[in-house]
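Enquirer: Protein chains in written order, with our numbering: chain H, 331 to 430; chain B, 331 to 430.
For every residue, glycine included, the Cβ atom is placed at its ideal position computed from N, Cα and C.
Number of protein chains: 2
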Amino acid sequence: METFAEIIKREREKRNWILRRAAARLDIDQALISKFEKGERRPSREQVEKFARVYKLKREELINIWMSDKIAYEISSESNPEKILKIAEKKIEYLNSKNK
Amino acid sequence: METFAEIIKREREKRNWILRRAAARLDIDQALISKFEKGERRPSREQVEKFARVYKLKREELINIWMSDKIAYEISSESNPEKILKIAEKKIEYLNSKNK
DNA sequence: ATAATTTTTGACAAAATTAGTCAAAATTTT
DNA sequence: AAAATTTTGACTAATTTTGTCAAAAATTAT
Chain H
331 METFAEIIKR EREKRNWILR RAAARLDIDQ ALISKFEKGE RRPSREQVEK FARVYKLKRE
391 ELINIWMSDK IAYEISSESN PEKILKIAEK KIEYLNSKNK
Chain B
331 METFAEIIKR EREKRNWILR RAAARLDIDQ ALISKFEKGE RRPSREQVEK FARVYKLKRE
391 ELINIWMSDK IAYEISSESN PEKILKIAEK KIEYLNSKNK
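(1) Could you tell me whether the Cβ of residue 415/H comes closer than 7 Å to any Cβ of chain B?
(2) How do the stretch 394-414 of chain B and the stretch 391-398 of chain H stand: do at least 3 beta-carbon pairs fall below 8 Å, yes or no?
(3) Evaluate contact between the stretch 375-382 of chain H and the stretch 351-363 of chain H, counting only Cβ atoms and requiring at least three cross-stretch pairs below 8 Å.
(4) Keeping to the same chain, check which residues put their C-beta closer than 8 Å to that of residue 347/B; ignore five residues upstream and five downstream.
(5) Could you compute how far the alpha carbon of residue 342/H sits from the alpha carbon of residue 333/H?
(6) For residue 382/H, would you say it is in contact with chain B, using Cβ-to-Cβ distances shorter than 7 Å as the test?
(7) So which residues of chain B does residue 398/H contact, with C-beta pairs closer than 7 Å?
(8) Secondary structure at residue 410/H, three-state DSSP: helix, strand or coil?
(9) Determine, for residue 411/B, whether the minimum Cβ-Cβ distance to residues of chain H falls below 7 Å.
(10) Could you tell me which whole beta strand (DSSP E) segments of length 3 or greater appear in the stretch 343-418 of chain B?
(11) Report yes or no: is there a C-beta of chain H within less than 7 Å of the C-beta of residue 425/B?
(12) Please report how far the alpha carbon of residue 345/B lies from the alpha carbon of residue 391/B, in whole angstroms.
(13) Skipping 5 residues on each side, what residues in its chain have a beta carbon closer than 7 Å to that of residue 353/H?
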């Protein structure tokens with residue numbers, strides 16, 4: 331299961347880009363990119379979209395991964411993360427059926 | 331599928347408490363409680379625990395519901411919320427197997 | 001109907017969280 | 001060991017979230 335951090339690091343290395351170069355292409359401070367690649371900071375949605383554009387990744391897929399990182403992080407320290415997800419799933423289903 | 335907001339409203343009404351009274355018991359501003367009951371504001375974890383205590387609900391269950399509200403809300407506007415949950419689930423599993 | 005009570009709203013200031021930047025420290029490569 | 005690259009930490013700025021208050025709206029009682 332790949333994280334956003336791993337993906338953007340892999341993509342940069344694939345291209346043999348040093349951080350300075352990635353920073354120029356993405357127009358994001360290289361220290362920030364370093365933090366993103368280490369998973370220490372969470373990029374904004376706009377930044378995720380930049381990564382998708384520059385690294386030619388599917389925008390939506392990348393967003394899903396980025397969001398799931400966020401979710402996983404938020405609940406990982408709870409006592410029953412799986413249960414929380416199950417309940418959330420039902421709520422989503424319910425919202426879906428409602429807005430139809 | 332019940333939300334945190336619905337639960338705390340139901341519990342208060344069950345007791346025939348007006349907001350002012352609930353505010354006194356919970357030591358939370360009544361305007362805030364009103365917003366919680368309408369789902370317009372998200373209580374802190376400490377506040378959730380207060381609700382559980384005062385309304386005699388199972389602390390952990392209430393926290394799970396409160397967390398799942400949060401998750402559902404965060405991803406409900408995404409294009410594929412279900413997919414995001416699936417990925418998150420896998421990540422959680424992975425984290426679990428790792429920290430064992 | 002209107003008076004009294006209760007709930008909801010909106011605006012605001014304070015508090016907390018998150019974001020971006022820089023330079024120095026640490027690490028890796030040459 | 002010098003040069004290049006990456007990581008870290010500290011700081012300020014920006015954004016988001018919080019709690020509070022008083023007034024507005026809605027509900028209930030007289």
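Expert: Inspection of the coordinates gives the following:
(1) yes
(2) yes
(3) yes
(4) 355
(5) 14 Å
(6) no
(7) 414, 417, 418, 421
(8) coil
(9) yes
(10) none
(11) yes
(12) 20 Å
(13) 359, 360, 363
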